[in-house]
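>
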Amino acid sequence: MTKEMTATEVDAVTATINHQNMLNRFNYLTDGMDDWKMPIKATIPIRDLDAYREACEYFTGTELYVVSQVDNEPYFNVAAKGYYMMGE
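Each residue of the sequence shown is one higher than the last, beginning at 1007 in my numbering.
#1: Is it buried or exposed for I1046, if we count other Cβ within 10 angstroms and need 16 for buried?
#2: If distances are taken between C-alpha atoms only, which option among G1038, M1007, A1057 and V1084 comes closest to N1024?
#3: Between the beta-carbon of Y1081 and the beta-carbon of T1066, is there less than 7 angstroms?
#4: Return the first residue and the last residue of the beta strand (DSSP E) that T1049 is part of.
#5: Assign T1068 to buried or exposed, taking buried as 16 or more other Cβ atoms, counted over all protein chains shown, within 10 Å of its Cβ.
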């Protein structure tokens, strides 16, 4: 027999999935960095800008901004001040 999930259980699962998705995006932004709290520089797909911005703000408290578009490609070079600069 299969048990139906309650609305609370569905919300908990959804929150866990959303958090994991943000963590995956943040790990991509900080890949290769010795200290994830330092300023961030990365290249991301244009279509995912809002999702990466959400992840960056959630984990560092700083805004991920577009530096430039990669020449004729669907990618942005992005940057953020990083966790150490939060609030400045």
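Just so it is clear, CB atoms sit at the ideal spot from N, CA and C, and this is done for glycine as well.
Answer, in terms of the structure:
#1: The residue is buried, with at least 16 neighbouring Cβ atoms inside 10 Å.
#2: Out of G1038, M1007, A1057 and V1084, A1057 has the C-alpha closest to the C-alpha of N1024.
#3: Their beta carbons are not under 7 angstroms apart, which means Y1081 does not touch T1066 by this criterion.
#4: I1046 to P1051 is the span of the beta strand (DSSP E), which, as asked, contains T1049.
#5: Buried is the label assigned to T1068, since at least 16 other Cβ atoms lie within 10 Å of its Cβ.
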